[in-house]
Amino acid sequence: MTSETHYDPHTGRTVEAGAEVGSHSMSVAVRLGLEPPRFCSECGRRMVVQIVPDGWTSLCSRHGLTDSAATGRR
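Numbering follows the working numbering, in which position 7 of the sequence shown is assigned residue number 7; successive positions increment by one, without gaps.
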């Protein structure tokens with residue numbers, strides 16, 4: 001059984017399966033990749049965010065580390 005519920009990584013709000021988050025609802029910093037995700041997109045938990053000189057890392061207690069290099073934003 002797989003969960004169809006996903007969460008917006010910047011607001012923590014539930015996103016319906018198959019729904020696209022409109023770019024008009026995102027801030028300029030999010031669209032440019034300058035704002036790190038603050039919430040886990042898989043479980044909606046608040047993540048521990050570390051800003052480093054060349055990017056950022058976000059750590060979810062359940063799903064592990066997300067790095068700006070892995071998302072192509074570094």
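Cβ coordinates follow ideal geometry from the N, Cα and C atoms, glycine included.
Identified DSSP bridge partners for Arg46:
The residue you call residue 46 lines up with position 46 of the sequence shown. BP columns for Arg46 point to Phe39.
Between which residues of its own chain and Val49 is the CB-CB distance below 7 Å, once the five residues before and five after are set aside?
Translated into positions along the sequence shown, residue 49 becomes position 49. So the qualifying residues of the chain are Pro36, Arg38, Trp56, Ser58.
Take Ser61 as the anchor and find which of Cys40, Ala70, Met26 has the nearest alpha-carbon.
As a first step, residue 61 must be located in the sequence shown, where it is residue number 61. Of Cys40, Ala70, Met26, the residue nearest in Cα terms is Cys40.
From Thr71 to Cys43, what does the alpha carbon distance come to, in whole angstroms?
Position 71 of the sequence shown, counted from the first residue, corresponds to residue 71. Position 43 of the sequence shown, counted from the first residue, corresponds to residue 43. Approximately 18 Å, taken between the alpha carbons.
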